[in-house]
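Counting in UniProt numbering, the sequence shown runs from 1 upward without gaps.
Worksheet: the structure to be examined is printed underneath.
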Amino acid sequence: MNIDPLGNPINLSYSLRISKMTDEKSAAYPPPPPLQQQAPPPPYSEGYAGLPTEQPQPAGYVPPQPVQPPTQTVVVTTVSNPPTRVIYRDVPVMVQCPNCKNNVTSRVVFENGLLVWICVLAIAFLFQLWLGCCLIPLFIDALKDVRHTCPVCGIHLGLYQRI
Ligand SMILES: [Zn+2]
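Here is the structure:
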């Protein structure tokens, strides 16, 4: 037989009745849980819907930014190329003639420049005019300056100097 803290015997029927009442109360509470179950889905659905929608947006915004700068630089290069000075070397180059306005391949003419005469003097000093070896540089195009002219109108376009 059970005794409560005050020393009075506990009526089992009463405790059973209380347990039934708690069962009835607990049975009465079940309706709220469905409400709680209904309520959570929207937040979850919104949370899941919000995260995926937010993540793709930054990923979508990032690609366009890198793509735009290259297009701008390409435009700048295409615009800046024509006005830039053409570099003349020892080979023909494609250039727009400033006189006749034709897009032509320059005609190259090799001329004796400073490097040729320096080589002539050097060989003359070393070999002392032996068999005219000092004249060899006059026949080597790799030592000569290169003059570029327009094949259409013949105007001087540029000069490539070795030194
Ligand atoms: Zn020309």
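The beta carbon of each residue, even a glycine, is placed where N, CA and C say it ideally should be.
Local Cβ density within 10 Å of Leu-129, reported as buried at 16 or more and exposed below that: Taking the first residue of the sequence shown as 1, we reach residue 129 at position 129. By the neighbour-count criterion, in which 16 or more other beta carbons inside 10 Å mark a residue as buried, Leu-129 falls on the exposed side.
Measure from the alpha carbon of Thr-105 to the alpha carbon of each residue in Ile-136, Pro-151 and Ile-163, then state which is nearest. To locate residue 105, count along the sequence shown from 1; it is residue 105. Each of Ile-136, Pro-151 and Ile-163 was checked against the Cα of Thr-105, and the nearest Cα belongs to Pro-151.
Could you pull the start and end residues of the beta strand (DSSP E) that residue 189 belongs to? In the structure as shown, the chain starts at 1 and stops at 163, and residue 189 therefore has no counterpart that could be examined.
Would DSSP call Leu-115 helix, strand or coil? Walking along the sequence shown from the start, residue 115 turns up at place 115. Judged by DSSP in its simplified three-state form, Leu-115 adopts helix.
Coil, strand or helix - Gly-158 by DSSP: For the purposes of this step, residue 158 is taken as the residue at position 158 of the sequence shown. Correct three-state label for Gly-158: strand.
Hey, could you find the ends of the beta strand (DSSP E) Asn-103 is sitting in? What you label residue 103 is simply residue 103 of the sequence shown in a count that begins at 1. The continuous beta strand (DSSP E) containing Asn-103 extends over residues 103 to 105.
What residue does the beta strand (DSSP E) around Val-95 start on, and which one ends it? Within the sequence shown, numbered from 1, the residue matching residue 95 stands at position 95. Looking at the DSSP string, the run of the beta strand (DSSP E) that includes Val-95 is 94 to 96.
With 16 other Cβ atoms within 10 Å as the buried cut-off, status of Arg-85: Start at 1 with the first residue of the sequence shown, and residue 85 comes out as number 85. Flag for Arg-85 reads exposed.
Whole-angstrom distance between Leu-131 and Lys-101, CA atom to CA atom: To locate residue 101, count along the sequence shown from 1; it is residue 101. To locate residue 131, count along the sequence shown from 1; it is residue 131. Near 49 Å, if we compare the C-alpha coordinates of Leu-131 and Lys-101.
Same chain only: Cβ atoms within 7 Å of Phe-139, ignoring 5 sequence neighbours per side: Within the sequence shown, numbered from 1, the residue matching residue 139 stands at position 139. Cβ within range, chain order: n/a, list empty.
Helix, strand or coil at Val-146 according to DSSP, with G and I counted as helix: Against the sequence shown, residue 146 aligns to sequence position 146. Here Val-146 sits in strand by DSSP.
Between Ala-49 and the rest of its own chain, which residues show a CB-CB distance below 8 Å, the 5 nearest in sequence each way excluded? As a working mapping, residue 49 is identified with position 49 in the sequence shown. Any reading at Ala-49 needs caution, since the residue's pLDDT is 49, under 50, leaving its predicted position unreliable; the model's value is listed next. The same chain holds no residue with a CB closer than 8 Å to that of Ala-49 once the five nearest residues on each side in sequence are set aside.
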